[in-house]
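Participant:
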DNA sequence: CTGAAAGCGCTTACAG
DNA sequence: CTGAAAGCGCTTACAG
């Protein structure tokens, strides 16, 4: 590998001069600049990023830590999140280091990563790494509802509760006093947030959300998201008096549409359908197109990145931002 | 930031000793080890990855370069690819640096990235970076058909031509001598590969693939993938005598299914449908479920990572591997 | 406009 | 088992 030293020697100048030619941090005469550049090209010299980082104590890299279960791939949400982070970072000249290495509790293994800041996905409660980042002064932004103990930590999250509330309110006002809610798996915080938002909407109308109209996705019972939607309708339609169904994702709604078609139910006349997220960005591609919440995991990621980059400028700042996902009305309701 | 020096001083040992305690590269007495670890913990010391990388000339990071168009997000394919790369790398203790910074033709800006090797997505022809990587001796693996000039470069790709050939052969043998091919955009190499594979299948049966039965996706003419499928059927059914349709992706097939439903065409009896890729992993969630090629972008990514990690061990190696995607038969044909 | 030298925080022969 | 010192390839005051 050719180094700055090699170039300096051949060009008959000092390392500092070569450095300046590349960094442009101090003016170098045109003549010398050209000579250095020519030699550099001849030698195939490119500045060493690592050495530079050590010297200036900056890497221009943002770390993105995410749990990667060994078998499962990334979810649509995670993926869009990443996309948002990457876009925003590259816009500001930063790169993204994907870090899904298994967590090592062995302190010996934890190193100060080559990053200027970190975005953490789905932090577990009492995650030991959060404390470590604080300790080392590494700027940190969480995506998702943070541990309650860390009030002083920056994070972004969706307004899940409010969204469910809004959807509930809309349906109630348009006369759908009885509905079916195909929620996410019960152990997800987002499922809880949504149920409580929906419950609130009912309460405000002097009604109550019947527990047997709220289902939860379960890996054991459903082969895939679409089937979850399909089966749920097939098994309950006629038995429960709902006129609208709220689904966890667009995929679930795909199954609901299928069941409706099979049962000859016109959508939205006989059955209104609203998806609480649009993971696979199918909402526009179904027939009829789907009213859905555009969760914009991507916006969430971009927002997290923006906040992180701000914090990196001024580490005393703490930003806690709720990203308003928006309900987009389409043909299904 | 506390450094190895701080720890050494307080523990009353040399930097080398502290280093050894953490790296375990040479034996340190139990007593000293404990003392150092205690001090390190007290001080919140974690080894600096950048400094370490400079010293050992390794970063344990793999670079993943991909073109990121400014507005568009990552495609399903890219995403699955990334997922595959990340999984394989983390399995072997490597991290992944996502690099979607705009390409700078300015040599001044190109730096030796903090990576031990690079995976490059969708390399353009005559990509100047390929030459640079060669020049600097950075191990490189391409995903996608490489520039013909670089025969000595490692890469992975799908057997796109063969897949199309297989699909064509299957349809011809089951009596579908006339079909509609909703191919990808014409400027993509994959579109060319597929068309040539399909053409070959026809030729072998003594038939020829009529040009007007091959369509290409176009951003200008189609609002989205599903519509591309829908419109194409609506506009051509009855005019062209096809009994089967081959689509670029599962999304396109979604539109085809919709059109078929509208036209009252039974699938697969009146119309067989096969998707050449399953980007959004919808194939199982449609009705009827979709016969599709499981492109396994994820396998492609994992394979690329494996090869890269091998090459990094022995830079003289060159691996060129074709990942066989497989045709999965479901209800739509 | 340019050079000499110290420094960034580690690792690693070499010596003991 | 441990230390002193050189080295990894840059950057950056300081001096001129």
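Chains as they are written, first to last, in the UniProt record's numbering: chain Y, 1 to 333; chain D, 1 to 333.
Just so it is clear, CB atoms sit at the ideal spot from N, CA and C, and this is done for glycine as well.
Report all residues from its chain with a CB closer than 6 angstroms to the CB of residue 297 (chain D); omit the five preceding and five following residues, and keep chain order.
Facilitator: Along the second chain, read from residue 1 onward, the residue named residue 297 (chain D) stands at position 297. Closer than 6 angstroms at the Cβ level, and outside the excluded window around residue 297 (chain D), lie 77, 80 and 81.
Participant: Quick one: does residue 312 (chain Y) have its CB under 8 angstroms from some CB of chain D?
Facilitator: Along the first chain, read from residue 1 onward, the residue named residue 312 (chain Y) stands at position 312. No, no contact with chain D.
Participant: If I measure Cβ to Cβ from residue 260 (chain D) and keep anything under 6 angstroms in the same chain, skipping five residues before and after, which residues do I get?
Facilitator: Here residue 260 (chain D) is taken as the residue at index 260 of the second chain, counted from 1. Closer than 6 angstroms at Cβ, skipping near neighbours: 267 and 271.
Participant: Kindly indicate which three-state DSSP category residue 70 (chain Y) falls into: helix, strand or coil?
Facilitator: Numbered from 1 along the first chain, position 70 holds the residue referred to as residue 70 (chain Y). Legend: pLDDT at residue 70 (chain Y) = 49, less than 50; position of this residue unreliable, no value from coordinates given.
Participant: Whole angstroms is fine: what's the gap from residue 304 (chain Y)'s alpha carbon to residue 323 (chain Y)'s?
Facilitator: Start at 1 with the first residue of the first chain, and residue 304 (chain Y) comes out as number 304. Start at 1 with the first residue of the first chain, and residue 323 (chain Y) comes out as number 323. The straight-line gap from Cα to Cα measures roughly 10 angstroms.
Participant: Please state if the CB of residue 318 (chain Y) and the CB of residue 273 (chain Y) are separated by a distance shorter than 8 angstroms.
Facilitator: Your numbering for residue 273 (chain Y) matches position 273 in the first chain. Your numbering for residue 318 (chain Y) matches position 318 in the first chain. No; because the gap between Cβ atoms is not below 8 angstroms, this pair is not in contact.
Participant: Near residue 94 (chain Y), what residues of its chain come up, given a Cβ to Cβ distance below 6 angstroms and the 5 sequence neighbours on each side ignored?
Facilitator: Within the first chain, numbered from 1, the residue matching residue 94 (chain Y) stands at position 94. Excluding sequence neighbours, residue 94 (chain Y) sits near 60 and 62.
Participant: Within a Cβ cutoff of 6 angstroms, which residues of the same chain sit near residue 160 (chain D), ignoring the five residues on either side of it in sequence?
Facilitator: Locating residue 160 (chain D) in the second chain gives position 160, counting from the first residue. If we look at residue 160 (chain D) and ignore the five residues flanking it on each side, its Cβ neighbours are 190, 193 and 194.
Participant: Using DSSP with H/G/I as helix, E/B as strand and the rest coil, what is residue 274 (chain D)?
Facilitator: For the purposes of this step, residue 274 (chain D) is taken as the residue at position 274 of the second chain. Strand.
Participant: Would the beta-carbon of residue 309 (chain Y) fall within 8 angstroms of that of residue 135 (chain Y)?
Facilitator: In the first chain, residue 309 (chain Y) corresponds to position 309, counting from 1. In the first chain, residue 135 (chain Y) corresponds to position 135, counting from 1. Taking 8 angstroms as the Cβ cut-off, residue 309 (chain Y) and residue 135 (chain Y) do not qualify as a contacting pair.
Participant: DSSP on residue 181 (chain D), reduced to helix/strand/coil?
Facilitator: Counting from 1 along the second chain, the entry for residue 181 (chain D) is found at position 181. Residue state, collapsed to three classes: strand.
Participant: Taking the continuous alpha helix (DSSP H) assigned at residue 208 (chain Y), which residues delimit it?
Facilitator: Position 208 of the first chain, counted from the first residue, corresponds to residue 208 (chain Y). Looking at the DSSP string, residue 208 (chain Y) is not in any alpha helix (DSSP H), and its letter there is neither H nor E.
Participant: Would you give the residue range spanned by the beta strand (DSSP E) that residue 157 (chain Y) belongs to?
Facilitator: The residue labelled residue 157 (chain Y) in the question sits at position 157 within the first chain. Boundaries of the beta strand (DSSP E) harbouring residue 157 (chain Y): 154-158, taken from the DSSP string.
Participant: Under 8 angstroms between beta-carbons, which chain Y residues line up against residue 136 (chain D)? List them in chain order, please.
Facilitator: Within the second chain, numbered from 1, the residue matching residue 136 (chain D) stands at position 136. 1, 44 and 46, listed in chain order.
Participant: Can you list, in chain order, the stretches of the alpha helix (DSSP H) that have 4 or more residues and sit fully within the UniProt domain "HTH lacI-type" (2-56) of chain Y?
Facilitator: Here the runs fully enclosed are 4-11, 15-23, 30-43 and 49-56.
Participant: At a CB distance below 9 angstroms, what residues from the segment 204-228 of chain Y approach chain D? Give them in sequence order.
Facilitator: 223, 224, 225, 226 and 227
Participant: Considering only their Cβ atoms, is the gap separating residue 256 (chain D) from residue 277 (chain D) smaller than 8 angstroms?
Facilitator: Working through the second chain from its first residue, we reach residue 277 (chain D) at position 277. Working through the second chain from its first residue, we reach residue 256 (chain D) at position 256. Taking 8 angstroms as the Cβ cut-off, residue 277 (chain D) and residue 256 (chain D) do not qualify as a contacting pair.
Participant: Looking at the strands, I want to know which residues DSSP matches up with residue 339 (chain D).
Facilitator: The question about residue 339 (chain D) has no answer here: the residues shown for chain D are numbered 1 through 333.
Participant: Exposed or buried, which one is residue 138 (chain Y) when buried takes at least 16 other CB atoms within 10 Å?
Facilitator: In the first chain, the residue the question calls residue 138 (chain Y) occupies position 138. Counting other Cβ atoms within 10 Å of its Cβ, residue 138 (chain Y) reaches 16 or more and is therefore classed as buried.
Participant: Whose Cβ in chain Y lies nearer than 8 angstroms to the Cβ of residue 11 (chain D)?
Facilitator: Within the second chain, residue 11 (chain D) is the residue found at index 11, counting from 1. Ordered by position in chain Y, no residue passes the 8 angstroms Cβ test against residue 11 (chain D), which lies about 15 angstroms from the chain.
Participant: Whole-angstrom Cβ separation of residue 121 (chain Y) and residue 65 (chain Y), contact assumed at under 8 angstroms?
Facilitator: Here residue 121 (chain Y) is taken as the residue at index 121 of the first chain, counted from 1. Here residue 65 (chain Y) is taken as the residue at index 65 of the first chain, counted from 1. With 8 angstroms as the limit, residue 121 (chain Y) and residue 65 (chain Y) qualify as a contact, their Cβ atoms being about 7 angstroms apart.
Participant: Is it true that the segment 247-256 of chain D meets the segment 228-239 of chain D, where meeting means three or more beta-carbon pairs spaced less than 8 angstroms apart?
Facilitator: yes
Participant: Note down, in chain order, each residue of its chain lying with its Cβ closer than 7 angstroms to the Cβ of residue 133 (chain Y), except the 5 sequence neighbours on either side.
Facilitator: For the purposes of this step, residue 133 (chain Y) is identified with residue 133 of the first chain, where counting begins at 1. Excluding positions up to five away in sequence, the list reads 118 and 140.
Participant: How would you list, in chain order, the residues of chain D whose beta-carbon sits under 8 angstroms from the beta-carbon of residue 114 (chain Y)?
Facilitator: Position 114 of the first chain, counted from the start, is the residue given in the question as residue 114 (chain Y). Result: 49, 50, 53, 59, 61 and 114.
Participant: Please say whether residue 240 (chain D) and residue 213 (chain D) have beta carbons closer to each other than 8 angstroms?
Facilitator: The sequence position of residue 213 (chain D) within the second chain is 213, counting from 1. The sequence position of residue 240 (chain D) within the second chain is 240, counting from 1. Yes.
Participant: So the candidates are D:44, D:221 and D:56; which of them puts its Cα closest to the Cα of residue 23 (chain D)?
Facilitator: The residue you call residue 23 (chain D) lines up with position 23 of the second chain. Selected option, being the one with the closest Cα: D:56.
Participant: With residue 217 (chain Y) and residue 253 (chain Y) assumed to form a contact (beta carbons below 8 angstroms), what rounded beta-carbon distance in angstroms separates them?
Facilitator: By one-based count along the first chain, residue 217 (chain Y) stands at place 217. By one-based count along the first chain, residue 253 (chain Y) stands at place 253. About 13 angstroms separates the two Cβ atoms, so there is no contact after all.
Participant: Just curious, the beta strand (DSSP E) that residue 320 (chain Y) is in, first and last residue?
Facilitator: The residue labelled residue 320 (chain Y) in the question sits at position 320 within the first chain. Unbroken beta strand (DSSP E) run through residue 320 (chain Y): 320-323.
Participant: Measure the beta-carbon distance from residue 53 (chain D) to residue 311 (chain D) and round it to whole angstroms, keeping in mind my assumption that it falls under 8 angstroms.
Facilitator: Along the second chain, read from residue 1 onward, the residue named residue 53 (chain D) stands at position 53. Along the second chain, read from residue 1 onward, the residue named residue 311 (chain D) stands at position 311. That pair is no contact at about 19 angstroms.
Participant: Would you tell me roughly how many angstroms separate the C-alpha atoms of residue 203 (chain Y) and residue 299 (chain Y), rounded to the nearest one?
Facilitator: Position 203 of the first chain holds residue 203 (chain Y). Position 299 of the first chain holds residue 299 (chain Y). Here the alpha carbons of residue 299 (chain Y) and residue 203 (chain Y) stand approximately 31 angstroms from one another.
Participant: If distances are taken between C-alpha atoms only, which option among D:158, D:179 and D:215 comes closest to residue 186 (chain D)?
Facilitator: Looking up residue 186 (chain D) in the second chain gives position 186. Measuring from the Cα of residue 186 (chain D), the nearest candidate turns out to be D:215.
Participant: Taking C-beta pairs closer than 7 angstroms, name the residues in chain D that residue 99 (chain Y) reaches, listed in chain order.
Facilitator: On the first chain, residue 99 (chain Y) is found 99 positions in, with the first residue counted as 1. Ordered by position in chain D, the residues that pass the 7 angstroms Cβ test against residue 99 (chain Y) are 95.
Participant: Which residues in chain D sit within 7 angstroms of residue 287 (chain Y), going by Cβ to Cβ distance?
Facilitator: In the first chain, the residue the question calls residue 287 (chain Y) occupies position 287. Within chain D, the residues near residue 287 (chain Y) are 258.
Participant: Within the same chain, show all residues whose beta-carbon is closer than 7 angstroms to that of residue 166 (chain D), passing over the 5 residues directly before and after it, in chain order.
Facilitator: Start at 1 with the first residue of the second chain, and residue 166 (chain D) comes out as number 166. If we look at residue 166 (chain D) and ignore the five residues flanking it on each side, its Cβ neighbours are 327.
Participant: Among residues of its own chain, excluding the 5 on either side of residue 19 (chain Y), which ones have a beta-carbon nearer than 7 angstroms to its beta-carbon?
Facilitator: Numbered from 1 along the first chain, position 19 holds the residue referred to as residue 19 (chain Y). Contacts found: 4.
Participant: Is the Cβ of residue 17 (chain Y) closer than 8 angstroms to any Cβ of chain D?
Facilitator: Here residue 17 (chain Y) refers to the residue found at position 17 when the first chain is read from its first residue. Chain D contact via Cβ: absent.
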